[in-house]
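2 protein chains.
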Amino acid sequence: MVPRGTARSSLLASAVDLIAAHGVNAVGVDAIADRAGTTKRTLYQHFASKDALVAEALSANSTTWHERVSAAVAARAEDPEGQLLALFDLIGEDAARPAYRGCVFVNAAADLPDPAHPARPVASRHKQRLLDFLTERTSRLGVRDPQRLARQIKVLLEGVVATALVDPGPQPAQDARAAAEILIMTEKGAS
Amino acid sequence: MVPRGTARSSLLASAVDLIAAHGVNAVGVDAIADRAGTTKRTLYQHFASKDALVAEALSANSTTWHERVSAAVAARAEDPEGQLLALFDLIGEDAARPAYRGCVFVNAAADLPDPAHPARPVASRHKQRLLDFLTERTSRLGVRDPQRLARQIKVLLEGVVATALVDPGPQPAQDARAAAEILIMTEKGAS
DNA sequence: TAATACATATACCGGTCGGTGTACTTCGTG
DNA sequence: CACGAAGTACACCGACCGGTATATGTATTA
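Residue numbers (the numbering used here), protein chains in the order written: chain A, 264 to 454; chain B, 264 to 454.
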C-alpha cells in the first residue's frame with residue numbers, strides 16, 4: 264500500500280536497489296514491483312518496458328552517486344590533489360567489504376551486450392560525468408595535460424573496482440592511490 | 264553428429280564461446296547443448312549441473328587465455344619491461360573493437376553475487392595467475408617493491424578493460440600504458 | 001557374440017520470465 | 001455529487017529456465 268502518487272518513485276527506488284544487489288538480468292519485474300509495494304500492472308502503467316525502467320533507474324542512480332561522491336570528497340579535502348586522492352579512499356572503503364559488487368554501470372554494460380539497449384548510453388554518460396569531475400580537479404594542478412591525467416586516474420579507479428569485485432579488499436585502492444600520487448607528482452614536475 | 268568421445272569437449276567449447284558472448288546468466292543449457300551439436304541429456308551425463316559446467320568452462324578458458332597471452336607477449340618483446348608494456352598494446356587491440364565485452368572472469372564475478380558459486384574461485388585463480396605473470400616480470404626490473412608494482416600494473420590493466428567495456432576504444436590502453444611507463448621508471452629510479 | 005558405456009531423440013516437470021487483459025476500488029478535482 | 005485518473009488484485013499468455021524420465025541406437029571391448 265503505497266500512498267497516492269508515489270508508486271512511480273517507489274518503483275524506481277526498488278529497481279535501483281535490486282539492480283545494484285543482483286544485476287540487471289538477474290532481477291525480474293515481479294521482484295521490483297513487490298519490493299516497491301505495488302503490482303506489475305502499475306509498473307507497466309508508468310514504464311513502457313523493463314528496459315525503459317532499467318534505464319531510468321540507472322540514470323537516477325547516477326545522479327545520486329555523483330551527489331554523494333562530490334559531497335564526501337569535499338568533506339575530506341579542500342585542494343584538488345587531496346580530493347583526487349580522497350576518491351581512492353572512498354572507493355577503497357566500499358571495495359573492502361566482502362560482498363562488494365563493483366560498479367553498477369560497468370556491470371550493466373556487461374549484462375547488456377546489445378549496444379542499442381537504452382541503458383548503455385546511461386552508463387556511458389555516468390562515466391563521462393566522472394571524467395568531468397576528475398578533469399575539473401586535474402585542471403587546477405598546473406600540469407601539462409590535465410585531460411590525460413584525468414583519464415589515467417579514472418583508469419586506476421575503474422581498475423580498483425574491477426579488481427575488488429573479484430577479490431574484495433583494501434589493497435587495490437591503496438596501490439592505486441600510491442600510483443596516482445606518482446602520476447600527479449611526475450606531471451607536476453614536468454610542467 | 265558429434266564423433267564419439269568428443270561430446271564433452273564440444274560442450275566445454277560451446278560453453279566457453281557462449282559465456283564470453285552473452286554472460287553466464289544470459290546463456291541457457293539448451294543453447295550450450297545445441298551449439299555443441301548434442302543434447303541437454305548428454306550435457307547432464309558429463310556435468311553435474313550448469314554451475315559445474317560453467318566453472319569448468321571458465322577454468323579451461325583461463326588456461327588458454329594465459330597460454331595465448333604469454334605467447335603473444337613473448338613474440339613482441341624480450342625484456343621484462345617491454346613485455347609488460349606489450350600487454351597494454353594487446354589488450355588495447357581487443358578493447359578497441361566496438362563489440363568489446365571486457366573480461367569474462369570479471370563479468371562472471373559480477374553475474375554471480377553468491378560468493379559460494381563454484382565459478383568464483385576460478386575467477387580468483389585466473390587473476391592470481393595474471394598477477395604471478397606480472398610479478399615475474401617486475402621482479403627482473405631491479406625495483407624496490409616488485410609485488411606492489413605488479414599489483415599496480417594489474418589495476419591499470421583491469422581499468423582499461425572496464426573502461427573499454429562501457430566505451431570501447433584504444434584510448435584507455437594508451438593512457439594506461441603511459442602511466443605504467445611512469446610507474447616503472449619512477450620505481451627504477453628510486454631503487 | 002554378448003555386454004556395456006556412451007550418445008541419441010523426445011517429452012516432460014515445476015517454476016519464472018516479460019508483458020497483457022479485465023474488472024474492481026479508491027481518490028482528487030470540477 | 002459525479003467523473004476520470006490512479007492503483008489494486010489476479011488470472012493469463014507464450015517462451016524459456018534448470019533438470020529429469022524413458023526408451024532406443026551404436027560403437028567399443030571383453
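Glycine included, every Cβ here is placed at the ideal spot set by N, Cα and C.
Nothing here was measured: the structure is a model prediction, and the numbers come from that model.
For the alpha helix (DSSP H) that residue i lies in, which residues bound it at each end?
i        : result
B/Asp293 : Val292 to Arg298
A/Ser333 : Lys313 to Arg339
B/Arg360 : First-last for B/Arg360: undefined, no H or E at that position.
B/Asp280 : Ala270 to His285
B/Thr305 : Lys303 to His309
Give me, in chain order, the residues of the same chain whose beta-carbon lies closer than 7 angstroms to that of residue i; leave out the 5 immediate sequence neighbours on both sides.
i        : result
A/Gln410 : Thr398
B/Arg271 : His309
B/Thr269 : none
A/Leu375 : Val287, Ala382 and Arg383
B/His389 : Ser325 and Phe368
B/Leu393 : Lys417
B/Ala323 : Leu275 and Val279
A/Ala260 : As shown, chain A starts at 264 and ends at 454. That puts residue 260 of chain A outside it, with no answer to give.
B/Val290 : Leu281 and Ile282
Can you grab the Cα-Cα spacing for the pair residue i / residue j, in whole Å?
i        : j        : result
A/Ala294 : A/Leu274 : 10 angstroms
B/Glu444 : B/Ala278 : 37 angstroms
A/Arg360 : B/Val385 : 20 angstroms
A/Lys417 : B/Thr301 : 45 angstroms
A/Val369 : B/Tyr307 : 33 angstroms
B/Pro343 : B/Arg403 : 7 angstroms
B/Asp280 : A/Thr449 : 43 angstroms
A/Glu330 : B/His329 : 41 angstroms
B/Glu214 : B/Glu356 : Outside the modelled stretch of chain B, which goes from 264 to 454, sits residue 214 of chain B, for which no answer is possible.
B/Phe351 : B/Asp408 : 21 angstroms
B/Thr327 : A/His285 : 30 angstroms
B/Ala362 : B/Val332 : 20 angstroms
B/Asp395 : B/Gly345 : 17 angstroms
B/Ala334 : A/Ala334 : 47 angstroms
A/Asp377 : B/Asp377 : 25 angstroms
Once you ignore the five residues that flank residue i on each side, which residues in its own chain have a CB closer than 6 angstroms to its CB?
i        : result
B/Met264 : In this prediction, B/Met264 has a pLDDT of 48, which is less than 50 and means its spatial position is unreliable; what the coordinates show is noted afterwards. Same-chain partners within the cutoff: Gly300.
A/Arg339 : Ala349
B/Leu412 : Thr401, Val406 and Glu450
B/Ser387 : none
For residue i and residue j, which I take to be in contact (beta-carbon distance under 8 angstroms), what is that distance rounded to the nearest angstrom?
i        : j        : result
B/Ala372 : A/Val429 : 5 angstroms
B/Gly405 : B/Lys451 : 7 angstroms
A/Leu419 : A/Ala441 : Between A/Ala441 and A/Leu419 the Cβ distance is about 10 angstroms, and since that is not below 8 angstroms, they are no contact.
B/Ala436 : B/Ile354 : 6 angstroms
B/Lys303 : B/Ala296 : 5 angstroms
B/Gln434 : A/Arg414 : 7 angstroms
B/Pro431 : B/Ala379 : That pair is no contact at about 33 angstroms.
A/Val292 : A/Lys313 : 5 angstroms
Looking only at its chain, what residues have a beta carbon closer than 8 angstroms to the beta carbon of residue i, apart from the 5 residues adjacent to it on each side?
i        : result
B/Leu347 : Leu397, Arg400, Thr401, Ile416, Ala443 and Ile447
B/Gly365 : Val424, Ala425, Ala427 and Leu428
B/Arg298 : Ser277, Asp280 and Leu281
A/Ala320 : Leu275, Ala278, Val279 and Ile282
A/Thr305 : Ala270, Leu274 and Ala296
Using 7 angstroms as the cut-off, classify the Cβ of residue i as near or not near the heavy atoms of the ligand COA, replying yes or no.
i        : result
B/Val287 : By its list of ligands, the structure shown contains no ligand whatsoever, and the ligand COA lies outside what it can speak to.
Which full runs of the alpha helix (DSSP H) of 4+ residues lie inside the stretch 370 to 452 of chain B, going along the chain? Along the stretch 370 to 452 of chain B, the alpha helix (DSSP H) occurs as fully enclosed runs of 4 or more residues at 382 to 401, 409 to 429 and 434 to 452, listed in sequence order.
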